[in-house]
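J.: I am attaching a structure below and will ask some questions about it afterwards.
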Amino acid sequence: MLQYVYKALKQRILEKVEEVKQVDWYFKQYEEGEDGNLVWITPSVYVEFELPIVFEQRGLQMQRSTLNVVLHVVSASGYGAEDMRQTEHTDNLTMTHLDLCQKIYKAFQGVSFAYKYLQQFPLVDDLLISGMIRTGMEVSHELSVFNVSKLFFTLNAQDSDALPQENIIEQTLDLSIEGDLVSSIGI
Numbered sequence: 000m001l002q003y004v005y006k007a008l009k010q011r012i013l014e015k016v017e018e019v020k021q022v023d024w025y026f027k028q029y030e031e032g033e034d035g036n037l038v039w040i041t042p043s044v045y046v047e048f049e050l051p052i053v054f055e056q057r058g059l060q061m062q063r064s065t066l067n068v069v070l071h072v073v074s075a076s077g078y079g080a081e082d083m084r085q086t087e088h089t090d091n092l093t094m095t096h097l098d099l100c101q102k103i104y105k106a107f108q109g110v111s112f113a114y115k116y117l118q119q120f121p122l123v124d125d126l127l128i129s130g131m132i133r134t135g136m137e138v139s140h141e142l143s144v145f146n147v148s149k150l151f152f153t154l155n156a157q158d159s160d161a162l163p164q165e166n167i168i169e170q171t172l173d174l175s176i177e178g179d180l181v182s183s184i185g186i
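Count the sequence shown with numbering that gives the first Met the number 0 and you get residues 0 to 186, in order.
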């Protein structure tokens, strides 16, 4: 189920917030480590599912979960490693970053998605995500080459994978008509 929720969130961001250049699963990409940071392009959004994820059984073949999702929004700050002075340029980048966070919020607040939102499930009307609401926001106060904000959302997700799927069978009915039969039915 998480793979479908992730795909739906990614698709929505890329459709509704054109400034975002990359959406990826969160692996602490922007944090300094042995290899430096792993952010290659900005603005980027990294999707994190807070743990643990607890499921409730809904009938024999369906489960539901309230997921806490963190969208890590990363953009360039304008501060370089050598020059950490505030300028009009860095101020503009900070305001642009906050505007981007607001656009992402607007793209998700209160939305619901059926499985058919994803191209791989064009006929499945079951809800995948419902009741998505922003529950908080955290803005970094560390001087860095990146502006980083975390948008916290809660959503309800439904796992319908165990439900029996309708099989669509395409058959071709061969109506070849022989000469004698044609004359006997008046064609």
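Cβ atoms here follow ideal geometry from the backbone N, Cα and C, with glycine treated the same way.
All of these numbers come straight from a predicted model, not from anything done at the bench.
Leaving out five residues on either side along the sequence, give the residues of the same chain with a beta carbon under 7 Å from the beta carbon of F48.
T.: Start at 1 with the first residue of the sequence shown, and residue 48 comes out as number 49. Correct list, in chain order: L1, L66 and V68.
J.: Could you name the residues of the same chain whose beta carbon sits closer than 8 Å to that of K20, not counting the 5 residues immediately before and after it, in chain order?
T.: The count along the sequence shown starts at 1 and reaches residue 20 at position 21. Counting only residues of its own chain and dropping the five nearest sequence neighbours on each side, K20 has a CB closer than 8 Å to the CB of I40, T41, P42 and S43.
J.: In terms of residue numbering, what span does the beta strand (DSSP E) encompassing R63 cover?
T.: Here residue 63 refers to the residue found at position 64 when the sequence shown is read from its first residue. Q62 to A75 is the span of the beta strand (DSSP E), which, as asked, contains R63.
J.: From F107 to R11, what does the alpha carbon distance come to, in whole angstroms?
T.: To locate residue 107, count along the sequence shown from 1; it is residue 108. To locate residue 11, count along the sequence shown from 1; it is residue 12. C-alpha separation (whole angstroms): 8 Å.
J.: Have a look at S74 and V38 and give me their C-alpha separation to the nearest angstrom.
T.: As a first step, residue 74 must be located in the sequence shown, where it is residue number 75. As a first step, residue 38 must be located in the sequence shown, where it is residue number 39. Each residue's Cα considered, the two are about 9 Å apart.
J.: Please name the residue in L126, L122, M136 and L99 whose C-alpha comes closest to that of F112.
T.: Mapped onto the sequence shown, residue 112 falls at position 113. Comparing Cα-Cα distances from F112 to each of L126, L122, M136 and L99, the minimum goes to L126.
J.: Expressed to the nearest angstrom, what Euclidean distance is found between the alpha-carbon atoms of L92 and S159?
T.: Within the sequence shown, the letter at position 93 stands for residue 92. Within the sequence shown, the letter at position 160 stands for residue 159. Looking at the two C-alpha atoms, the distance is approximately 42 Å.
J.: If distances are taken between C-alpha atoms only, which option among E55, Q119 and K102 comes closest to S197?
T.: Since the displayed the chain opens at 0 and closes at 186, residue 197 lies outside it and no answer follows.
J.: Where does F26 land, buried or exposed, given buried means 16+ other C-beta within 10 angstroms?
T.: Working through the sequence shown from its first residue, we reach residue 26 at position 27. Burial call: exposed.
J.: Is DSSP giving K6 helix, strand or coil here?
T.: Reading the sequence shown from its first residue, position 7 is the one you call residue 6. K6 falls in the helix class under three-state DSSP.
J.: How many Å lie between K115 and E14 at the Cα?
T.: Position 116 of the sequence shown, counting from 1, holds the residue named residue 115. Position 15 of the sequence shown, counting from 1, holds the residue named residue 14. Cα to Cα, the separation comes out at about 16 Å.
J.: Tell me the DSSP secondary structure of I128 in three-state form.
T.: Here residue 128 is taken as the residue at index 129 of the sequence shown, counted from 1. Strand.
J.: Roughly how many whole angstroms lie between the Cα atoms of Q157 and Y78?
T.: In the sequence shown, residue 157 corresponds to position 158, counting from 1. In the sequence shown, residue 78 corresponds to position 79, counting from 1. Roughly 42 Å separates the two Cα atoms.
J.: Would DSSP call D160 helix, strand or coil?
T.: Residue numbering aside, residue 160 sits at position 161 when the sequence shown is read from its first letter. If DSSP states are grouped into helix, strand and coil, D160 belongs with coil.
J.: Could you tell me if I132 is buried or exposed, where buried requires 16 or more neighbouring beta carbons within 10 angstroms of its beta carbon?
T.: Here residue 132 corresponds to residue number 133 of the sequence shown, with the count starting at 1. Exposed is the call here.
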